Amino acid sequence: QLQLQESGSGLVKPSQTLSLTCAVSGGSISSADHSWSWIRQSPGKGLEWIGYVYHTGSTNYNPSLKSRVTMSVDRSKNHFSLNLSSVTAADTAVYYCARNTVAGYYFDFWGLGTLVTVSS
Amino acid sequence: DIQMTQSPSTLSASVGDRVTITCRASQSISSWLAWYQQKPGKAPKLLIYHASSLESGVPSRFSGSGSGTEFTLTISSLQPEDFATYHCQHYNSYPWTFGQGTKLEIK
């Protein structure tokens, strides 16, 4: 069974960079049939797709965050990563990693999520 | 961006009830729609994709319908474990967006 597990800094200072990694187990990140996304959910609010990365390293980002987002994949470690720069309090959220199918870009497996708080 | 609007925001119902949640898109998304269930402190779980296809392992009391701009999620007979928040998501074009969620509460 596929499992995804987020890790990274839980507290980030304003203007700094948020960095998270998603470890994939029970499956290969090099699958041609899937891409790998980050999604966030602010306290009491809805879900926001941040972007995805494919095993080749190609990416697609939400335009609302594109200028601050970088995603990458490490096939040797079977994990993918998110960097979000110049964070503010508005970036405080639970961050999820998830798998997309390329047959239709819904999210069929999710990590447990990790809370990131932006505060000085 | 395509805006997804769910109604109602909150729904009170009893075990055994049949309930329907609506999701409307601001423009046509064909059948490129998914539904998720989220319980407090947990990640969303995929229920329905392509508007009406049931994800493997999801009970058959869940069903989805619709195309274009209007979609529904129906639970035919509510079970205690179904009280949760439900989200719709389109994947017609970038950026993919979600509805604001519908909280299903026990009456």
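As they're listed, the protein sequences go chains S and L. For the first sequence, the working numbering begins at 1 and goes up steadily by one. For the second sequence, the working numbering begins at 1 and goes up steadily by one. All residues carry an ideal CB built from backbone N, CA and C; glycine is no exception. Since the model is a prediction, treat every value here as computed from it, not as a measurement.
Backbone secondary structure at residue i - three-state DSSP
i         : result
Lys66(S)  : helix
Asp1(L)   : coil
Asp74(S)  : strand
Glu55(L)  : coil
Ala142(L) : Given a span of 1 to 107 for chain L in the structure shown, any question on residue 142(L) remains unanswerable.
Asp108(S) : strand
Ala90(S)  : helix
Presumed contact (8 Å Cβ cut-off) between residue i and residue j, rounded CB distance
i         : j         : result
Leu2(S)   : Phe109(S) : 5 Å
Glu105(L) : Thr10(L)  : 6 Å
Ser31(S)  : Trp49(S)  : That pair is no contact at about 20 Å.
Gly99(L)  : Gly46(S)  : 7 Å
Val118(S) : Ala89(S)  : 5 Å
Among the options, nearest to residue i - alpha-carbon criterion
i        : options                                      : result
Thr74(L) : Val19(L), Gly57(L) and Val58(L)              : Val19(L)
Thr72(L) : Leu47(L), Ile106(L), Ala13(L) and Glu105(L)  : Leu47(L)
Glu73(S) : Leu82(S), Val118(S), Ser120(S) and Thr17(S)  : The sequence given here places Val at residue 73(S); Glu does not occur at that position. Nearest C-alpha to Val73(S): Leu82(S).
Asp33(S) : Tyr105(S), Thr117(S) and Leu115(S)           : Tyr105(S)
His55(S) : Gly111(S), Glu48(S), Ser64(S) and Arg75(S)   : Arg75(S)
Val53(S) : Leu65(S), Ser64(S), Thr70(S) and Lys45(S)    : Thr70(S)
Gln6(L)  : Ala25(L), Ala43(L), Lys42(L) and Arg61(L)    : Ala25(L)
Ile2(L)  : His90(L), Lys103(L), Gly101(L) and Thr102(L) : His90(L)
Ser15(S) : Ile29(S), Lys77(S), Ser86(S) and Leu112(S)   : Ser86(S)
Check: residue i C-beta below 7 Å from any heavy atom of the ligand NAP
i        : result
Tyr94(L) : In the structure shown, the ligand NAP is absent, as is every other ligand, since no ligand is present at all.
Three or more beta-carbon pairs under 8 Å between the stretch 84-91 of chain L and the stretch 37-55 of chain L, yes or no?
yes
Using a Cβ distance threshold of 8 Å, determine whether the stretch 13-32 of chain L contacts the stretch 34-41 of chain S, with at least three qualifying pairs required.
no
Pull out every residue of the stretch 95-118 of chain S whose Cβ sits closer than 7 Å to any Cβ of chain L, in chain order.
Tyr96, Gly104, Tyr105, Tyr106, Phe107, Asp108, Trp110, Gly111, Leu112 and Gly113
Short-range partners of chain L found in the stretch 62-84 of chain S, where Cβ spacing is below 8 Å
Asn62, Pro63 and Ser64
Chain-ordered residues of the stretch 82-105 of chain L with a beta carbon less than 8 Å from chain S
His87, Gln89, Tyr91, Tyr94, Pro95, Trp96, Thr97, Phe98, Gly99, Gln100 and Gly101
Can you find at least 3 beta carbon pairs, one from the stretch 94-114 of chain S and one from the stretch 11-23 of chain S, that sit closer than 8 Å?
yes
For the stretch 9-37 of chain S, enumerate the residues whose C-beta is nearer than 9 Å to any C-beta of chain L, in chain order.
Ser37
Between the stretch 34-54 of chain L and chain S, which residues of the former have CB atoms less than 7 Å from a CB of the latter, in chain order?
Ala34, Ala43, Pro44, Leu46, Tyr49 and His50
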